[in-house]
Amino acid sequence: MPVVKFTSNLKRFYPDLRPMSVSGRTVASVLEEVNASHSGIKDYIVDENGSLRKHVNIFIGNDLIRDRERLNDALSEDDEVYIMQALSGG
Amino acid sequence: MAEKIMLLGTRKGLVTYRKNAGGKWTYSNTQFLGIPVSMATFDGNTGTWWAMLDHGHWGCKLHRSVDGKVWQELEAPKFPDGEEIKDGVPAVTKYLWAFSNGGKDRKGVIYIGTEPGGLFKSQDNGDSFELVRGLWDHPSRKEQWFGGGRDTPGIHSIIVDPDDFNHMYVAISVAGVFETKDGGQTWDPKNKGLHADFLPDPSSEIGQDPHLVVTCKNDTRVMWQQNHCGIYRSENGGQDWVDISQKEGPANFGFAIAAHETDPQVAWVIPGISDEIRVAVDQSLCVCRTDDGGKTWTDFRSGLPQEDAFDIVYRHALDITGDSLAFGTTTGNLYLSDNQGEKWELLNANLPMIHSVEFAEV
């Protein structure tokens, strides 16, 4: 199963956040799965239209996802998904 | 016994000051350390503390508390599926910028104003919100509202008539002042007399840029407006606005304005230099007060820096209670006056940028 890993910055708001094995096969469905166990975390990652927030990046392996609007990038059994905070501001 | 506090929404958290037994304001604590707070406020109707957060990365968030210590995150107001700022541009809540309760004796009714121009109402003290459709669907919105300092239009002022909760005003940058008399179902622009020098038609009913609108609590038909293009006052509930700017003096451009709670002739502004520069006028900080409805202005400087000052005061960062006023600046200075703005005391010079200042009794 794919595994999702999170930036440590999200642990400030979700202290029990750990890498998760997920059954979804798109980034969008994985996000729903994560939200089911960590209520509201989706709103930190995407806006109300489901688009990835400007300063958040999601990688599959080393590659940035391509679909930031609908998060339809497909996942394979062994993929690792990284939800990261883009660096900006000061 | 009620305790007097001051809530500061800052770029690095919610800072609380308390007035001690000796009458001195002292720093108490910081909540949400490191997180920008666009506004911090206390609703006396329910005894609820509110913090509106602007996470740079994670979106804007809404938190409430019964004691200012333990906070609960709520789902922030969201636009319904399919709503658009303009054709083809989805509406997303970018910033929580204004708060009001729904009027006295209406516990748990609250309004929040947002960028990109949505007014949201909750009837369960923030557990859920609905978009106020009458304003969002106003025929002027998609074509005639636009962003000012922010990318898209923002609601920064919400005024609920204390005698009639169905009678409300909002002010939008950039669109103007709107009034409803039916609880938000229909809205009419109230911008007659304003002069937008950035528009082809400066007297256009839509497209004005109020920076903040306030009323005299004792006489709510008297409204004051710090506008991008000057200072205005209305004596008839916004039906007509009169330019009361000090043409040759500092009281002209700015963001914040405060109305005397009982005397409809008295108000304060904190001037800055407009547009690209945006620092204190002559780099010298002053507070201007009118005692005659805007016919004349007096600038007060005692206790304020008179050279090398870069301070600007944002629209929600000036507040009044009785004879006391306080304001916070973009450079993290917090000033207090206990004599109607005539003399000022620096409470703190080392705060982060200050977005909002509010006196409260908890």
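Protein chains in written order, with the numbering used here: chain E, 1 to 90; chain R, 91 to 452. Beta carbons are placed, not taken as given, at the ideal position from N, Cα and C, and that holds for glycine. If you're wondering where the values come from, they're calculated on a predicted model, not measured in any experiment.
Per DSSP, what kind of secondary structure is residue i in: helix, strand or coil?
i, result
"ALA28 of chain E", "helix"
"LYS94 of chain R", "strand"
"ALA36 of chain E", "helix"
"VAL304 of chain R", "strand"
"TRP434 of chain R", "coil"
"GLY328 of chain R", "coil"
"GLN373 of chain R", "helix"
"GLY203 of chain R", "strand"
"GLN336 of chain R", "coil"
"SER293 of chain R", "coil"
"ARG108 of chain R", "strand"
"ASP272 of chain R", "coil"
"LEU10 of chain E", "helix"
"TYR404 of chain R", "coil"
"LEU17 of chain E", "coil"
"ASP278 of chain R", "strand"
"TRP148 of chain R", "coil"
"ASP227 of chain R", "coil"
"ILE363 of chain R", "coil"
"GLN213 of chain R", "coil"
"ASP78 of chain E", "coil"
"GLU397 of chain R", "coil"
"GLY89 of chain E", "Residue placement at GLY89 of chain E is poorly supported in this model, since its pLDDT is 46, which falls under 50; the coordinates still yield a value, given next. Reduced to three states, the DSSP call for GLY89 of chain E is coil."
"GLU451 of chain R", "strand"
"GLU220 of chain R", "strand"
"GLN162 of chain R", "strand"
Using a beta-carbon distance below 8 Å, is residue i in contact with chain E?
i, result
"GLU295 of chain R", "no"
Taking the CB atoms as reference points, tell me whether residue i and residue j lie closer together than 8 Å.
i, j, result
"GLY208 of chain R", "PHE236 of chain R", "no"
"ARG25 of chain E", "LEU75 of chain E", "yes"
"LYS280 of chain R", "ASN256 of chain R", "no"
"GLY238 of chain R", "SER212 of chain R", "no"
"PRO2 of chain E", "VAL34 of chain E", "no"
"ASN215 of chain R", "ILE202 of chain R", "no"
"ILE83 of chain E", "ILE58 of chain E", "yes"
"TYR185 of chain R", "ASP144 of chain R", "yes"
"LEU302 of chain R", "VAL260 of chain R", "no"
"ASP398 of chain R", "THR420 of chain R", "no"
"ILE444 of chain R", "ALA348 of chain R", "no"
"VAL267 of chain R", "GLN316 of chain R", "no"
"HIS246 of chain R", "CYS306 of chain R", "no"
"GLU93 of chain R", "VAL312 of chain R", "no"
"TYR44 of chain E", "TRP148 of chain R", "yes"
"THR380 of chain R", "VAL356 of chain R", "yes"
"THR120 of chain R", "TYR107 of chain R", "no"
"GLY99 of chain R", "VAL127 of chain R", "yes"
"TRP314 of chain R", "LYS282 of chain R", "no"
"ASN308 of chain R", "PRO354 of chain R", "yes"
"VAL250 of chain R", "GLY192 of chain R", "yes"
"SER374 of chain R", "MET129 of chain R", "no"
For chain R, is any of its Cβ atoms less than 8 Å away from the one on residue i?
i, result
"ASP47 of chain E", "yes"
"HIS38 of chain E", "no"
"TYR14 of chain E", "no"
"VAL30 of chain E", "no"
"GLY89 of chain E", "At GLY89 of chain E the pLDDT is 46, less than 50, meaning the model places this residue with poor confidence; the figure from the coordinates comes in the next sentence. Chain R contact via Cβ: present."
Could you list which residues in chain R have their beta carbon closer than 9 Å to that of residue i, in chain order?
i, result
"ASP43 of chain E", "TRP148, GLY149, LYS151, GLU165, ALA166, LYS168"
What residues from chain R crowd round residue i, counting only those whose CB sits closer than 8 Å?
i, result
"VAL56 of chain E", "HIS147, TRP148"
"ARG68 of chain E", "Ordered by position in chain R, no residue passes the 8 Å Cβ test against ARG68 of chain E, which lies about 13 Å from the chain."
"ARG53 of chain E", "HIS147, TRP148, GLY149"
Using a Cβ cut-off of 7 Å, pull out every chain E residue sitting near residue i, in sequence order please.
i, result
"VAL182 of chain R", "ASP47, GLU48, ASN49"
Heavy atom of the ligand GTP less than 7 Å from the Cβ of residue i, yes or no?
i, result
"SER293 of chain R", "In terms of ligand content, the structure shown is empty, and the ligand GTP therefore cannot be addressed."
Does chain B have any CB closer than 8 Å to the CB of residue i?
i, result
"ASN256 of chain R", "The chain inventory of the structure shown lacks chain B, comprising the protein chains E and R."
Can you find at least 3 beta carbon pairs, one from the region 135-152 of chain R and one from the region 169-180 of chain R, that sit closer than 8 Å? Put simply, the region 135-152 of chain R does not touch the region 169-180 of chain R. Fewer than three CB pairs are less than 8 Å apart.
Using a Cβ distance threshold of 8 Å, determine whether the region 386-393 of chain R contacts the region 331-340 of chain R, with at least three qualifying pairs required. Yes, since at least three Cβ pairs between the region 386-393 of chain R and the region 331-340 of chain R fall closer than 8 Å, the two stretches touch.
Do three or more CB pairs link the region 232-248 of chain R to the region 292-299 of chain R at distances below 8 Å? Three or more Cβ pairs drawn from the region 232-248 of chain R and the region 292-299 of chain R lie within less than 8 Å of each other, which places the two stretches in contact.
Using 8 Å as the threshold, is the region 435-450 of chain R in touch with the region 398-418 of chain R, meaning 3 or more CB pairs across them? With the rule of 3 Cβ pairs closer than 8 Å, the region 435-450 of chain R counts as touching the region 398-418 of chain R.
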